[in-house]
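Peer 1: Quick note: the sequence shown uses numbering that gives the first Met the number 0, first residue 0, plus one each step.
Glycine included, C-beta positions come from ideal geometry on N, C-alpha and C.
Since we're looking at a predicted model, the values are computed, not measured.
Have a look at this one.
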Amino acid sequence: MNHRFGLFAAGLELTLACPCRCETCGSGAGRARKDELSTEQWLKVIDELSELGCQRISFLGGEPLLRRDWPELATHAVRRGLRLEMVTSGVGLNAETAGRIYGIGFTSVTVSLDGTQQAHDEQRGLDGCYEKALKAVRLLDRAGTRVGVTTQVNRKSLPTLDDLALQIEAAGALGWQLQLTLPKGRAENQNGMAVQPEMMPEIYRAVRRLIARRTLRPYITDNIGYLTPDDPLLRTPPRVAERCWLGCFAGLRNIGITSRGDVKGCLALPDSLIEGNVRDEQLQRIWNDPDRFAYNRAFDPADLSGACAGCPYGAICRGGCIATAMAFHGKPGISTHCLRLHGIQ
């Protein structure tokens, strides 16, 4: 079936339950929501994603491994031909779980590690999280699953990145992505944790230094950039054809579904940009409605503001990551964290 908007990837927040209480958590995870989707409802969502032509889904949380039915949901996704990934804290992941993940056929698993031991555990609010996360990386690697690490960059983690590179590489990580801590969820109330614009030159220097490593090197994700001359080098994961920033794909190629069934273009977007709920209507109807996800599908360069309004790349960049713009400014189409804005051109 031909769709006007070709869905490529979906993030599924299986549950908001989490063993950690991270001060940087954008969703404020901890306890499961009272009205989270049932197994049958999630299975239907997976079916609908497959029918829409979605190619890749990621199990997210909270902590997705706290859903008792995660193996059933994962097995169903693989049977429907979807590339299956997961992001986990690694807390509670043992050899048996690592073996199950490999046996089901996950394409990859990403473990969250926000700095070396002291920085990571301080942000988690739970001692021992760092060692448990490193152990999870080792167990997944030994089981045969491709395992990577994602790191939130903030004032606590930034000074530790060089040492962290050595430790996660030794543990078996094959990939490493960096993203900025945003003032949303629990991080909204943590003074100084969200990355401020003036930190961007220092972050850029750190990324440039780290990508010069001969072995494991990081790549930047959607909320860092944009369109500097070295953007493809900074943004491209190892063994992937070079690519550069072409604007946020929320609602264009990507979708996010919360544990209660709310549909967004990206799970990092605020609830003000919920486009519907899978309990109330079919996912196909939500996705194929041309009037939804208007913040991106109906983008007009005239809507850009701040420095983005006068940028020669504005029509391509669209003001950078929409979730970042919403978190800092309450509207899309504006970036105060753009690397070009901070003299990196």
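Reducing DSSP to helix, strand and coil, say where Phe327 ends up.
Peer 2: Working through the sequence shown from its first residue, we reach residue 327 at position 328. In the structure shown, Phe327 sits in a helix (DSSP, three-state: H, G or I).
Peer 1: Roughly how many angstroms separate the alpha carbons of Gln122 and Pro18, rounded to a whole number?
Peer 2: Looking up residue 122 in the sequence shown gives position 123. Looking up residue 18 in the sequence shown gives position 19. The alpha-carbon atoms of Gln122 and Pro18 are separated by roughly 13 Å.
Peer 1: Going by beta carbon distance, what residues of the same chain come within less than 7 Å of Lys131, once the five residues before and after it are set aside?
Peer 2: Counted from its first residue, the sequence shown places residue 131 at position 132. Contacts found: Gly89, Val90.
Peer 1: Three or more beta-carbon pairs under 8 Å between the segment 211-218 and the segment 245-264, yes or no?
Peer 2: Cβ pair count under 8 Å is below three, so no.
Peer 1: Arg234: buried (16+ other C-beta within 10 angstroms of its C-beta) or exposed?
Peer 2: Position 235 of the sequence shown, counted from the start, is the residue given in the question as residue 234. With 16 or more Cβ atoms within 10 Å of its Cβ, Arg234 is classed as buried.
Peer 1: Please state if the CB of Ser57 and the CB of Glu84 are separated by a distance shorter than 8 Å.
Peer 2: Against the sequence shown, residue 84 aligns to sequence position 85. Against the sequence shown, residue 57 aligns to sequence position 58. Contact: yes.
Peer 1: On the DSSP bridge assignment, give the partners of Asn276 in chain order.
Peer 2: Position 277 of the sequence shown, counting from 1, holds the residue named residue 276. Paired residue(s): Asp261.
Peer 1: Determine the DSSP secondary structure at Gly61, reduced to helix, strand or coil.
Peer 2: The residue you call residue 61 lines up with position 62 of the sequence shown. In the structure shown, Gly61 sits in coil (DSSP, three-state: anything other than H, G, I, E or B).
Peer 1: Assuming Leu173 and Val206 make a contact with CB atoms under 8 Å, what is their CB distance in whole Å?
Peer 2: The residue you call residue 173 lines up with position 174 of the sequence shown. The residue you call residue 206 lines up with position 207 of the sequence shown. 19 Å between Cβ atoms; not a contact.
Peer 1: CA-CA distance, Arg30 and Ala186?
Peer 2: Against the sequence shown, residue 30 aligns to sequence position 31. Against the sequence shown, residue 186 aligns to sequence position 187. Answer to the nearest angstrom: the Cα atoms are 17 Å apart.
Peer 1: Compute the Euclidean distance between the alpha carbons of Leu59 and Ala267, then round it to the nearest angstrom.
Peer 2: Looking up residue 59 in the sequence shown gives position 60. Looking up residue 267 in the sequence shown gives position 268. Leu59 and Ala267: Cα-Cα distance of roughly 12 Å.
Peer 1: Less than 8 Å between the C-beta atoms of Val152 and Leu179, yes or no?
Peer 2: Here residue 152 refers to the residue found at position 153 of the sequence shown. Here residue 179 refers to the residue found at position 180 of the sequence shown. Against a cut-off of 8 Å, the Cβ pair of Leu179 and Val152 comes out as a contact.
Peer 1: Is His2 helix, strand or coil when you go by DSSP?
Peer 2: Here residue 2 corresponds to residue number 3 of the sequence shown, with the count starting at 1. At His2 the pLDDT is 46, less than 50, meaning the model places this residue with poor confidence and gives no usable figure here.
Peer 1: So Glu47 and Leu282 are in contact, right, with Cβ under 8 Å, and what is the actual spacing, rounded?
Peer 2: By 1-based counting over the sequence shown, the position of residue 47 is 48. By 1-based counting over the sequence shown, the position of residue 282 is 283. Right, the Cβ-Cβ distance comes to about 4 Å (below 8 Å), so this counts as a contact.
Peer 1: So for Ser111, helix, strand or coil by DSSP?
Peer 2: The count along the sequence shown starts at 1 and reaches residue 111 at position 112. Looking at Ser111 - three-state DSSP - the assignment turns out to be strand.
Peer 1: If you drop the 5 nearest sequence neighbours on each side, which residues of the same chain put their C-beta closer than 7 Å to that of Met0?
Peer 2: Indexing the sequence shown from 1 puts residue 0 at position 1. With a pLDDT of 35 at Met0, under the threshold of 50, the predicted position of this residue should be treated as unreliable, though the coordinate-derived value follows. Closer than 7 Å at the Cβ level, and outside the excluded window around Met0, lies no residue.
Peer 1: Considering only residues of the segment 63-101, which uninterrupted beta strand (DSSP E) runs meet the minimum length of 3 residues and lie entirely inside it, listed in chain order?
Peer 2: Entirely contained in the segment 63-101, the beta strand (DSSP E) runs reaching 3 residues are, in chain order, 82-87.
Peer 1: By a C-beta neighbour count over all protein chains shown, 10 Å radius and 16 as the cutoff for buried, is Lys33 buried or exposed?
Peer 2: The residue you call residue 33 lines up with position 34 of the sequence shown. That one is exposed.
Peer 1: Hey, Ala326 and Lys183 are a contact pair by Cβ (cut 8 Å); roughly how many whole angstroms apart?
Peer 2: By one-based count along the sequence shown, residue 326 stands at place 327. By one-based count along the sequence shown, residue 183 stands at place 184. Right, the Cβ-Cβ distance comes to about 5 Å (below 8 Å), so this counts as a contact.
Peer 1: Please say whether Leu138 and Ala169 have beta carbons closer to each other than 8 Å?
Peer 2: Counting from 1 along the sequence shown, the entry for residue 169 is found at position 170. Counting from 1 along the sequence shown, the entry for residue 138 is found at position 139. Not closer than 8 Å, so no.
Peer 1: Relative to the C-alpha of Ile210, which candidate in Ala28, Glu274, Leu232 has its C-alpha closest?
Peer 2: One-based indexing of the sequence shown puts residue 210 at position 211. For Ile210, the nearest C-alpha among the options comes from Leu232.
Peer 1: When the Cα atoms are used, what is the spatial distance from Asp230 to Tyr203?
Peer 2: On the sequence shown, position 231 is the one that residue 230 refers to. On the sequence shown, position 204 is the one that residue 203 refers to. Near 11 Å, if we compare the C-alpha coordinates of Tyr203 and Asp230.
Peer 1: Apart from the five residues just before and just after His341, which ones in its own chain have a Cβ nearer than 6 Å to its Cβ?
Peer 2: Translated into positions along the sequence shown, residue 341 becomes position 342. Only Met199, Pro200 meet the Cβ criterion.
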